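According to my numbering, the stretch in the sequence shown is residues 30 to 284, in order. All C-beta atoms, glycine included, are put in the ideal place defined by N, C-alpha and C. As the structure is a computational prediction, the values presented were derived from the model and not from experiment.
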Amino acid sequence: MNMKKIRVTIWHEYGAEKLHEVVSRLYPEGQHKALADMLMQESDDFDITVSELSQPELGLPDNLLENTDVLVWWSHFRHDMVPDDLCEKIMNRVRRDGMGFIALHSSHGAKPFDRLVGSTGSMSWGTEVNEVLWTLLPSHPIAKDIPLYIHLPSEEIYSEPFCIGHPDEVIFGGWFETGHFLRAGVTFQRGLGKVFYFQPGHETCESYYNKDIVKIIANSIRWAAPTAGFTDPGMPMIGNLAQELGITTRPDAAE
């Protein structure tokens with residue numbers, strides 16, 4: 030039986046690759062296209078579209094957004110170029126329609142993520158060093174087939190305090206050789222939608238070529254995909270519910 034593929038849109042600001050040779054050498058067509066290629070090698074579960082900030086309608090026209098099951102987001106220097114009305118559309122798709130939202134690396138500062146979480150997403154950061162990514166919740170679907178730890182020989186230091194409040198689940202923790210630590214893979218339920226933040230993915234590092242990192246992102250897409258056949262009915266208030274259900278209220282109920 031053919032299973033319906035998950036419609037994934039990978040949105041990227043696609044700026045550093047055009048400005049810095051070290052990034053363009055590592056990701057000649059951009060991180061988003063490299064990640065899309067790796068995801069398609071990892072699984073045939075996905076129907077992937079890549080989009081960029083510089084494209085018409087900022088790479089997210091209404092038709093594409095309405096036909097996206099999971100939106101994977103990477104932004105860094107250009108958070109403020111995403112207008113409020115687009116953020117509102119994204120939040121509505123997540124909360125009302127159940128679209129999944131995956132925020133990668135520096136997207137901790139992205140408008141859609143911060144507004145969905147209800148915080149600033151701020152943290153401490155530093156240079157690139159060795160990171161050990163620990164699996165803290167191995168029973169979670171996002172951690173399926175992931176080892177106890179993943180060694181990343183170069184990743185940008187991200188460190189607590191991480192201003193995201195209290196996530197529903199902390200699945201991964203990032204320990205850096207400098208002693209810094211971050212809640213590196215966390216989940217949130219927002220309305221009908223699921224949100225996952227995942228820390229690895231600095232533009233000068235090779236993390237999106239690491240098969241375990243890609244598998245985590247693939248697992249998170251499957252986890253965040255909307256529940257089939259369910260949408261928010263909008264909770265209309267129609268008449269007296271007790272009367273419609275044939276429930277007889279006590280004579281003294283109104284007294």
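For residue i, the three-state DSSP class (helix, strand or coil)
i    : result
A132 : strand
R138 : One detail in the question is off: residue 138 reads as Gly in this sequence, not Arg. Reduced to three states, the DSSP call for G138 is helix.
E294 : Since the first and last residues shown for the chain are 30 and 284, residue 294 lies out of range.
P170 : helix
E42  : coil
V111 : coil
A254 : coil
Y56  : coil
M32  : coil
Q84  : coil
N248 : helix
N239 : coil
Q228 : coil
E284 : With a pLDDT of 49 at E284, under the threshold of 50, the predicted position of this residue should be treated as unreliable, and no value is reported.
H195 : coil
L89  : coil
E61  : As written in the sequence, residue 61 is His, which differs from the Glu given in the question. Looking at H61 - three-state DSSP - the assignment turns out to be helix.
Residues that DSSP places opposite residue i in a beta bridge
i    : result
K223 : Q218
T164 : F201
V37  : I77, V99
Y187 : W154
I179 : L162
L211 : G203
8 Å Cβ shell around residue i - same chain, five flanking residues per side excluded
i    : result
I35  : D74, F75, D76, D98, V99, I250, R251, A254
L181 : N159, E160, V161, L162, P229, C234, S236, N239, I242
I200 : T164, L165, L166, H169, I171, A172, G214, V215, T216
E290 : Nothing about residue 290 can be read from this structure; the chain reaches only from 30 to 284.
L93  : T38, T78, S80
Y314 : This structure cannot speak to residue 314, because the chain is shown only from 30 to 284.
W154 : E185, I186, Y187, S188
Own chain partners of residue i with C-beta closer than 7 Å, once the 5 adjacent residues on each side are dropped
i    : result
T149 : D143, C192
M266 : For M266, the predicted model reports a pLDDT of 49, less than 50, meaning its position is unreliable; a value from the coordinates is still stated below. Counting only Cβ-Cβ distances below 7 Å, and skipping sequence neighbours, we find nothing.
E284 : Reliability of the predicted coordinates at E284 is poor, the pLDDT of 49 falling under 50, and the value obtained from them is presented with this limitation in mind. For E284, where only same-chain residues beyond five positions count, there are no Cβ hits under 7 Å.
L133 : V101, W102, W103, F227, G230
A247 : L68, E71, S72
A82  : Inspection of the sequence shows that residue 82 is occupied by Leu rather than by Ala. Same-chain partners within the cutoff: E42, Y43, G88, R107, M110.
R219 : V123, R124, L145
Nonlocal neighbours in the same chain, by C-beta distance under 6 Å from residue i, ignoring five residues either side
i    : result
W204 : V161, F210
I119 : P141
K223 : G129, A253
S183 : E157, C234
Review point. Quick one: any contact between the region 141-150 and the region 201-212, if contact means 3 or more CB pairs under 8 Å?
Key: Touching, no.
Practice item. Determine contact between the region 60-79 and the region 236-254, defined as no fewer than three beta-carbon pairs at a distance below 8 Å. Key: Contact holds: three or more Cβ-Cβ distances are below 8 Å.
Review point. Are there three or more Cβ pairs, one per stretch, closer than 8 Å when the region 158-177 is compared with the region 107-127?
Key: No, they do not touch.
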